[in-house]
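Number of protein chains: 4
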Amino acid sequence: MIHATEITIRTFHTDAFGHVNNSRYLELFEEARWRYAEDIGLIELLKQKNLGFIIMDLRLRFRKPVVEGSRVTIKTSLDTLGSASGEVHQQIHAGQGSPAVKGTFHFILIDRDNGKSVPIDGEIRELLDGVKIN
Amino acid sequence: MIHATEITIRTFHTDAFGHVNNSRYLELFEEARWRYAEDIGLIELLKQKNLGFIIMDLRLRFRKPVVEGSRVTIKTSLDTLGSASGEVHQQIHAGQGSPAVKGTFHFILIDRDNGKSVPIDGEIRELLDGVKIN
Amino acid sequence: MIHATEITIRTFHTDAFGHVNNSRYLELFEEARWRYAEDIGLIELLKQKNLGFIIMDLRLRFRKPVVEGSRVTIKTSLDTLGSASGEVHQQIHAGQGSPAVKGTFHFILIDRDNGKSVPIDGEIRELLDGVKIN
Amino acid sequence: MIHATEITIRTFHTDAFGHVNNSRYLELFEEARWRYAEDIGLIELLKQKNLGFIIMDLRLRFRKPVVEGSRVTIKTSLDTLGSASGEVHQQIHAGQGSPAVKGTFHFILIDRDNGKSVPIDGEIRELLDGVKIN
Numbered sequence: 652m653i654h655a656t657e658i659t660i661r662t663f664h665t666d667a668f669g670h671v672n673n674s675r676y677l678e679l680f681e682e683a684r685w686r687y688a689e690d691i692g693l694i695e696l697l698k699q700k701n702l703g704f705i706i707m708d709l710r711l712r713f714r715k716p717v718v719e720g721s722r723v724t725i726k727t728s729l730d731t732l733g734s735a736s737g738e739v740h741q742q743i744h745a746g747q748g749s750p751a752v753k754g755t756f757h758f759i760l761i762d763r764d765n766g767k768s769v770p771i772d773g774e775i776r777e778l779l780d781g782v783k784i785n
Numbered sequence: 652m653i654h655a656t657e658i659t660i661r662t663f664h665t666d667a668f669g670h671v672n673n674s675r676y677l678e679l680f681e682e683a684r685w686r687y688a689e690d691i692g693l694i695e696l697l698k699q700k701n702l703g704f705i706i707m708d709l710r711l712r713f714r715k716p717v718v719e720g721s722r723v724t725i726k727t728s729l730d731t732l733g734s735a736s737g738e739v740h741q742q743i744h745a746g747q748g749s750p751a752v753k754g755t756f757h758f759i760l761i762d763r764d765n766g767k768s769v770p771i772d773g774e775i776r777e778l779l780d781g782v783k784i785n
Numbered sequence: 652m653i654h655a656t657e658i659t660i661r662t663f664h665t666d667a668f669g670h671v672n673n674s675r676y677l678e679l680f681e682e683a684r685w686r687y688a689e690d691i692g693l694i695e696l697l698k699q700k701n702l703g704f705i706i707m708d709l710r711l712r713f714r715k716p717v718v719e720g721s722r723v724t725i726k727t728s729l730d731t732l733g734s735a736s737g738e739v740h741q742q743i744h745a746g747q748g749s750p751a752v753k754g755t756f757h758f759i760l761i762d763r764d765n766g767k768s769v770p771i772d773g774e775i776r777e778l779l780d781g782v783k784i785n
Numbered sequence: 652m653i654h655a656t657e658i659t660i661r662t663f664h665t666d667a668f669g670h671v672n673n674s675r676y677l678e679l680f681e682e683a684r685w686r687y688a689e690d691i692g693l694i695e696l697l698k699q700k701n702l703g704f705i706i707m708d709l710r711l712r713f714r715k716p717v718v719e720g721s722r723v724t725i726k727t728s729l730d731t732l733g734s735a736s737g738e739v740h741q742q743i744h745a746g747q748g749s750p751a752v753k754g755t756f757h758f759i760l761i762d763r764d765n766g767k768s769v770p771i772d773g774e775i776r777e778l779l780d781g782v783k784i785n
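Heads up: the sequence lines are chains F, R, W and L, in that order.
The numbers in the first sequence follow the working numbering, run straight up by one, and end at 785.
The numbers in the second sequence follow the working numbering, run straight up by one, and end at 785.
The numbers in the third sequence follow the working numbering, run straight up by one, and end at 785.
The numbers in the fourth sequence follow the working numbering, run straight up by one, and end at 785.
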């Protein structure tokens, strides 16, 4: 599935160039990943098991500036799922045409008590396998 | 004592109005309070005792906008010290004349393990009594 | 009217104390004021006239910590409206009972081209008079 | 040259995982690039010509968590310089050993009035050629 989240850009997202500041894109993408996770019931599962996803590697490509007041659509998809890691692709669309910003996020699953990586298996794997797009 | 910290305003501090965004002032003031605490040896003491100061109440007054590239001076003073709380005054100066922003912060001391308020006494009190301006 | 906005607290809102960081409350309150303004048609009016509201003075009172994953309700009301300024009260509710955080914001209206204060009159006044609670 | 900047991690840089939040790394890296630019006299040149560098593409690799109170060293180098773009490499070191976070930033030069890309030539090119490491 490709999940879509809508967010309106506020003054606090922008900087003096008049556009969304680079560091804010990471928060917009994070918000969209959370909403995706909520919509598929992943948050509840993670809380029960005291697990969390953390990002190991990310890439952002800025194609068009996004301005205050824009109503953007953030598309999120799980593209790859390995035994202990995966890759999420995200795009921010502000109006018609090609995306304004593209993001790629490599994640692993950790135990929130000790911060150690754990395998992606059991119920969480089942859930993610069901929404993966490739 | 009145402590002075210098910080240069960057693009990520500003918003599309071309000025420092309101929420960023809280970070600038927090940074200045940390540097003050470091300079008087307070950080070390707090770490040893696993204590931390938290803000209960704050007030900000915005008098002049501050722009990217400004080298601001943040003045910080401990004005009041009660048995379990105190009040810090801060001012951001950008250039000559009156301050651009004024802040007042009411704080209490907490135990970082349980989040509970604890009295300001012993070594921490001695230290703070020595720097208080009134 | 008392406007209500719902927002879910994410990891990027929190700090190492495990709660929402103080500076983030200003963004949460700002987001709620924007949604209020959208819901009553104020954003459109401001854009047509190239006007904007800016905060001159604010006060925050922190009563209870708010943690990641909380679904908070932010209540916003316009309490006072003068010829060139006004006062908005806001409360963040996380669960039952008294608010976790209370905010008071004094604002003025400015011309976005020159940053100068302008009177609150005409259509904007009419709109605000209609939603004011006192 | 490899430029080094020291920054102390504060509470507002961290999140409820107890580490620096991902989006904050972009601000730490941005701060280090600004200080580099100041130290070589680039800021002054950009201001005279009303030019600015913007990031087109970035990559972050997170290797070790960084906690509140850490005094980190951020190393910054200009690795590639084309006719209209370049690449900066950055590393955050928190203590001994390998870096905690690595960043790669592709930038272009723009005219701040119209946001259009301009060639990197003249005095700015001379300055950058002098500090480039490859």
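C-beta: ideal position from N, C-alpha, C; glycine also.
Residue-level contact by beta carbon fails for Gly746/W and chain L, as no gap is shorter than 8 Å. Per DSSP, the unbroken alpha helix (DSSP H) holding Glu689/L starts and ends at 673-690. Assigned with DSSP and collapsed to three states, Glu774/L falls in helix. With contacts defined as CB atoms closer than 8 Å, Glu681/F and Arg661/W qualify as a contacting pair. Taking a Cβ-Cβ threshold of 7 Å, none of the residues of chain F is close to Thr659/R; the smallest such distance is about 14 Å.
In this structure Val723/R does not touch Ala688/R by the C-beta definition: roughly 19 Å separates them, more than the 8 Å allowed. Looking only at Ile691/F, Gln699/F, Ile743/F, Ile658/F, the smallest Cα-Cα distance to Arg714/F is reached by Ile743/F.
Shown here, Gln742/L sits in a strand according to DSSP, grouped into three states. Counting C-beta pairs closer than 8 Å gives three or more between the segment 700-712 of chain F and the segment 700-716 of chain L, which meets the contact rule. Taking the beta carbon of Phe704/L as reference, no residue of chain R falls within 9 Å; the closest one sits roughly 10 Å away. Under the Cβ distance rule, Glu678/W does not count among the residues neighbouring chain L, no pair being separated by less than 8 Å. Using a CB distance below 8 Å, the part of the segment 758-772 of chain F facing chain L consists of Arg763, Gly766, ordered along the chain. Glu681/R belongs to the set of residues whose beta carbon lies under 8 Å from a beta carbon in chain L. Secondary structure of Glu719/R (DSSP, three-state): coil.
Separation of Asp730/R and Leu697/W (C-alpha to C-alpha, rounded to the nearest whole angstrom) is 41 Å. With contacts defined by Cβ atoms closer than 8 Å, Val769/F and Leu693/F do not form a contacting pair. Sixteen is the threshold: when 16 or more other Cβ atoms of the shown chains lie within 10 Å of the Cβ of Gln741/R, as they do, the residue is buried. Distance between Ile759/R and Asp772/R, taken at the CA atoms: about 12 Å.
In the displayed model, Val769/F falls within coil according to three-state DSSP, outside both helix and strand.
Under the 10 Å beta carbon count, Ser674/W is surrounded by 16 or more other beta carbons and is classified as buried. Counting only Cβ-Cβ distances below 7 Å, Phe663/W has contacts in chain L at Asp666, Asn672, Ser674, in chain order. Comparing C-alpha distances from Glu774/L to each of Arg763/L, Val718/L, Ile691/L shows the shortest one belongs to Ile691/L.
Around the beta-carbon of Gly754/W, 16 or more other beta-carbon atoms lie within 10 Å, marking it buried.
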